[in-house]
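K.L.:
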Amino acid sequence: MTPSFNKKIVLFDGICNLCSGSVQFIIKRDKKNQFMFGSLQGEAGWAYLKKYKLPADQFNSFMLVENEKLYTRSAAALRMLKHLGGGWQLLYALMIVPACIRDGIYNWIAKNRYKWFGKKEACWVPAAALKARFLD
């Protein structure tokens, strides 16, 4: 599926419980339906990894593609919150924290996410009503 130009693409680790929970968090709060989603393990996710010259075997970053620009780690998460509205955009103020600190915390959580939150044997499959919001 090719997303429309004004959609923001969230790429996530499809077997990670924290990541799948984050996608469900976004869907519940995305009143404007501005986000589409793709598992990094899926064909669309792999295509984006290839497009942005990222390793196709490392799924340790939340990624946001906005206007063909790729954001990763804390920048991706904070930009996503900015677009959610409803008070969540206030957290975007954390962008003033140097990226090395924000991403250091992000990397620590990413490194431990399977241990703390678990993982699935296969990618999370959205309900039929949500299929249109997923790239594949």
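Quick note on our numbering: the sequence shown kicks off at 30 and runs consecutively. Where a beta carbon is used, it is the ideal one built from N, C-alpha and C, also for glycine.
1) Between which two residues does the beta strand (DSSP E) harbouring L78 extend?
2) A128: buried (16+ other C-beta within 10 angstroms of its C-beta) or exposed?
3) Between the stretch 109 to 121 and the stretch 76 to 90, are three or more C-beta pairs nearer than 8 Å?
4) Could you please give the first and the last residue of the uninterrupted alpha helix (DSSP H) stretch that includes I55?
5) Can you look up K148 in the DSSP assignment and give me helix, strand or coil?
6) How would you call D59, buried or exposed, if buried means at least 16 neighbouring beta carbons within 10 angstroms?
P.N.:
Taking the coordinates as given:
1) No beta strand (DSSP E) holds L78; the alpha helix (DSSP H) holding it covers E72 to K80.
2) exposed
3) no
4) Looking at the DSSP string, the run of the alpha helix (DSSP H) that includes I55 is N46 to R58.
5) DSSP places K148 in the strand class (E or B) of the three-state scheme.
6) buried
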